[in-house]
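Residue numbers (my numbering): 164 to 461.
Using N, Cα and C, we set each Cβ at its ideal position, and we do this for glycine too.
This report refers to the structure that appears directly beneath it.
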């Protein structure tokens, strides 16, 4: 197999498979990864599904949580956001929230958590007016693509705490800046039906990102016209279907480059690119380095 990382046990799928029945009550596995004064990183697997009623929780500190698998809807006083692989959940100290799994069971997040005082210092150094995120979450965005992938590779490689602290600071500062800078052209809350349809298309993309996934095919799968699907997808996911697909493929390629010795050409083909120059150009734009440079530094 070209990419042996694909054969590694998936903690989310393994935990879901261990449930006594698909509709059995869900729960959480919260594994500490790294920590230091004022910050900690945790690998959180949730097995809740459509049969589990959401309940209100409260963030003890600030958090930036990268979704590694599964999908769910995150709601707080700033609105709601569909959380799927590559997206980031943003939590403010003391803010109440709830998560629901209306469309599928289970999710896995790598959560970077900061004490309020630590978070306040990050906001001050980032020159953000106040220590608070302006949004409930962020879609997969290019400015945070490299640090998010570094976070995943650090988890898989069991890196030392010093690297995780650097990633914590970079993630928190970047999310603060982006959350305040982003302007939504269409701020209306997505309809529940649109959420379900877009979530289904995103699951299709995640299950086989190398497939063509044309706009026509995705719109047909969602049962919508191309125009309305494009608008609904962007409203729900925060990016266009093409941008989402490209970033799923880029993350897969980045992991293959770090975990295998396969040629760049072979990795480009497996990731879903049929043009090597386009792959190299897109990879450099996404991660700020060529595929070979990324492999060397990973």
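Per DSSP, residue 436 lies in no beta strand (DSSP E) and is assigned neither H nor E. Shown here, residue 378 sits in a helix according to DSSP, grouped into three states. Residue 370: member of the alpha helix (DSSP H) spanning 355-370, first to last residue. Beta-carbon to beta-carbon, residue 412 and residue 435 are separated by about 5 Å, close enough to satisfy the 8 Å threshold. Fewer than three beta-carbon pairs drawn from the segment 394-410 and the segment 288-295 are found closer than 8 Å, and the two stretches are therefore not classed as touching. Between residue 308 and residue 449 the beta-carbon gap is near 5 Å, inside 8 Å, which marks them as a contact. Per DSSP, residue 276 is one residue of the beta strand (DSSP E) stretching across 270-277. If only uninterrupted beta strand (DSSP E) runs of at least 3 residues are considered, those enclosed by the segment 217-267 are 225-233, 235-239, 242-246, 251-254, 259-263. Residue pairing by DSSP places residue 202 opposite 199, 277 in a beta bridge. Annotation: the continuous alpha helix (DSSP H) that includes residue 328 extends over 324-344. By the 16-neighbour rule on beta-carbons within 10 angstroms, residue 269 is buried.
Contact between residue 312 and residue 410 does not hold, since the beta-carbon distance rounds to 10 Å and is not under 8 Å. Taken through DSSP and simplified to helix, strand or coil, residue 408 comes out as helix. Within the same chain, Cβ atoms closer than 8 Å to the Cβ of residue 393 are found at 378, 382, 403, 404, the five residues on either side in sequence being excluded.
Cβ contact annotation for residue 276 (same chain, cutoff 6 Å, sequence separation greater than five): 203, 224, 226, in chain order. For the pair residue 188 and residue 370, the Cα-to-Cα distance works out to about 25 Å.
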